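Here the structure is laid out as structure tokens; the discussion comes afterwards.
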Amino acid sequence: MRITMPPTVAAAVLVAGTASAQDLVVKIGHVGPTSGAIAHLGKDNENGARMAIEALNAKGVMIGGKKAKFELLAEDDAGDPKQGTSAAQKLVDSKVNGVIGHLNSGTSIPASKIYSDAGIPQISPSATNPKFTRNGYKTTFRVVADDVHLGGTLGKYAVTQLKGKSIAVIDDRTAYGQGVADEFEKGVKGAGGKTVAREFTNDKATDFTAILTSIKAKNPDVVFFGGMDAVAGPMLRQMKQLGISAKFVGGDGICSSELPKLAAGTMADGQVVCAEAGGVEGEAKKSMDTFYADYKKKFNDDVKVYAPYVFDATMVMADAMVKANSADPKVYLPVLAKTTGYKGVTGTISFDEKGDIKNGALTLYTYKGDKRDQIAVVR
Numbered sequence: 002m003r004i005t006m007p008p009t010v011a012a013a014v015l016v017a018g019t020a021s022a023q024d025l026v027v028k029i030g031h032v033g034p035t036s037g038a039i040a041h042l043g044k045d046n047e048n049g050a051r052m053a054i055e056a057l058n059a060k061g062v063m064i065g066g067k068k069a070k071f072e073l074l075a076e077d078d079a080g081d082p083k084q085g086t087s088a089a090q091k092l093v094d095s096k097v098n099g100v101i102g103h104l105n106s107g108t109s110i111p112a113s114k115i116y117s118d119a120g121i122p123q124i125s126p127s128a129t130n131p132k133f134t135r136n137g138y139k140t141t142f143r144v145v146a147d148d149v150h151l152g153g154t155l156g157k158y159a160v161t162q163l164k165g166k167s168i169a170v171i172d173d174r175t176a177y178g179q180g181v182a183d184e185f186e187k188g189v190k191g192a193g194g195k196t197v198a199r200e201f202t203n204d205k206a207t208d209f210t211a212i213l214t215s216i217k218a219k220n221p222d223v224v225f226f227g228g229m230d231a232v233a234g235p236m237l238r239q240m241k242q243l244g245i246s247a248k249f250v251g252g253d254g255i256c257s258s259e260l261p262k263l264a265a266g267t268m269a270d271g272q273v274v275c276a277e278a279g280g281v282e283g284e285a286k287k288s289m290d291t292f293y294a295d296y297k298k299k300f301n302d303d304v305k306v307y308a309p310y311v312f313d314a315t316m317v318m319a320d321a322m323v324k325a326n327s328a329d330p331k332v333y334l335p336v337l338a339k340t341t342g343y344k345g346v347t348g349t350i351s352f353d354e355k356g357d358i359k360n361g362a363l364t365l366y367t368y369k370g371d372k373r374d375q376i377a378v379v380r
């Protein structure tokens with residue numbers, strides 16, 4: 002690994018070679034959908050966690066005078082809220098020291114109460130629904146911007162940059178999809194734009210003929226979809242079949258390296274515009290590029306979306322343990338809450354009083370051929 006360690010962890014590493022204390026086992030839970038339609042995203046997240054755990058163990062991190070041995074306890078929630086709460090309870094029963102996850106807002110939100118009741122810190126690398134950090138739980142954090150920022154920015158962009166005159170909105174009725182679509186619609190109206198349709202499907206759907214036929218009659222120049230890439234891909238294919246050439250806009254759920262494959266070659270260059278919650282530029286981009294290269298080397302696959310955010314979330318949690326001299330949740334939690342200026346591969350991480358990332362960036366992308374192409378980083 003060539004990933005740069007945070008200063009506090011790096012300092013602890015200097016004395017690790019002389020340590021003879023008994024290892025301190027630190028259990029980190031990770032939850033994501035490693036089965037089901039978006040299993041490729043869940044596995045991407047889990048891979049990010051494994052990279053962080055391996056990096057920490059390779060460095061010999063010291064916590065409270067003992068060499069820490071980090072262990073990953075990985076659970077599958079299949080993107081289902083009920084399975085998500087079961088996975089959360091299983092991790093609590095296993096007495097994990099902290100949890101990274103879940104991927105979806107719809108699973109992260111109900112699980113957050115279980116972690117809160119147990120006093121176990123939870124950092125989501127990808128849940129963007131505002132409600133996730135609005136329940137007053139002291140244990141809840143995220144390292145990405147929320148839907149208010151993401152959806153609102155995309156809504157404004159659709160009007161001011163894509164010159165959308167008639168905009169259709171579709172969502173998958175999940176906490177994430179509906180939430181980001183609502184904020185997108187607000188952003189459109191705030192920028193003086195107009196939505197001509199609001200339709201919905203579900204996160205398991207494959208046939209969108211009725212919805213798209215209804216939308217086609219309104220001749221939109223922009224179609225926004227609130228949902229994940231597994232649904233967006235087939236939707237793009239059917240738009241092509243119906244002769245709908247509108248720009249296709251979506252949030253981080255569709256903004257994956259898998260989308261071109263899922264759309265089966267039906268995306269025109271520049272047709273899709275999406276936003277990833279996070280972003281680095283200038284000198285900071287080097288660490289992200291390094292992460293992408295290391296990931297490719299280790300897993301012989303490309304980063305889908307969230308793996309770097311999982312990596313940073315895990316490192317931030319470990320950093321708080323080092324600073325607190327303890328992996329005990331009740332001891333390091335107050336230190337985690339005060340995280341300020343942590344330099345991660347996804348940018349600088351500081352938490353506000355709700356557990357949200359401060360000054361969260363967004364990266365806008367389009368696709369050319371089968372590759373994502375960065376448009377801009379916005380805040």
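Just so you know, we're using my numbering here: the sequence shown kicks off at 2 and counts up by one. All C-beta atoms in this analysis are idealised placements derived from N, C-alpha and C, irrespective of residue type, glycine included. Model, not experiment: these values are computed from the prediction.
Excluding its 5 nearest sequence neighbours in each direction, residue 347 has C-beta neighbours in its own chain below 6 Å: 279, 309, 310, 313, listed in chain order. Here the region 184 to 196 makes no contact with the region 271 to 287; the two share fewer than three CB pairs at distances below 8 Å. One alpha carbon belongs to residue 242, the other to residue 165, and they sit about 22 Å apart. Secondary structure in the region 316 to 362: the beta strand (DSSP E) runs of 3 residues or longer, each lying completely within the stretch, are 343 to 345, 348 to 350 in chain order.
In the DSSP assignment, residue 275 forms a beta bridge with 251, 366.
Note on geometry: alpha-carbon atoms of residue 373 and residue 253 lie some 12 Å from one another. Two segments are said to touch when three or more pairs of C-beta atoms, one from each, lie closer than 8 Å; by this definition the region 121 to 139 touches the region 340 to 358. Here residue 89 really is in contact with residue 32; their C-beta atoms are around 7 Å apart, less than 8 Å.
Counting only the Cα atoms, residue 264 lies some 37 Å from residue 115. For residue 351 against residue 367, the beta-carbon gap comes to about 30 Å, at or over 8 Å, which does not count as contact. With a contact defined as Cβ atoms closer than 8 Å, residue 74 and residue 307 miss out at about 19 Å. For the options 378, 38, 27, the alpha carbon positioned closest to that of residue 206 is the one of 38. Contact check between the region 140 to 158 and the region 232 to 239: fewer than three CB pairs, one atom from each, fall below 8 Å, which does not count as touching. For residue 76, the uninterrupted beta strand (DSSP E) segment begins and ends at 67 to 77. Residue 290 and residue 277 have their C-alpha atoms roughly 16 Å apart. In terms of Cα proximity to residue 267, the closest of 369, 218, 298 is 369. With fewer than 16 neighbouring CB atoms inside 10 Å of its own CB, residue 375 falls in the exposed class. Closest in C-alpha terms to residue 25, from the list 324, 62, 272, comes 62. In the DSSP assignment, residue 42 falls within the alpha helix (DSSP H) that extends over 40 to 60. Around the beta carbon of residue 203, fewer than 16 other beta carbons lie within 10 angstroms, which makes this residue exposed. DSSP links residue 141 through a beta bridge to 123. Here DSSP, grouped into helix, strand and coil, assigns residue 103 to coil. By the neighbour-count criterion, in which a residue is buried when 16 or more other Cβ atoms sit within 10 angstroms of its Cβ, residue 182 is buried. Judged by DSSP in its simplified three-state form, residue 289 adopts helix. The residues 34, in chain order, have a CB closer than 7 Å to that of residue 40 in the same chain once the five nearest residues on each side in sequence are set aside. Between residue 294 and residue 53, the CB-CB gap reaches or exceeds 9 Å. In terms of CA proximity to residue 109, 175 leads the group 271, 220, 175. Under the DSSP assignment, residue 25 falls in the beta strand (DSSP E) whose first and last residues are 25 to 33. Assigned with DSSP and collapsed to three states, residue 306 falls in coil, not helix or strand. Pairing residue 68 with residue 329, the inter-Cα distance amounts to about 15 Å. Contact between residue 64 and residue 327 holds, with the beta-carbon distance rounding to 7 Å and staying under 8 Å. Residues of the same chain with a CB within less than 7 Å of the CB of residue 297, apart from the 5 flanking positions on each side, are 303 in chain order.
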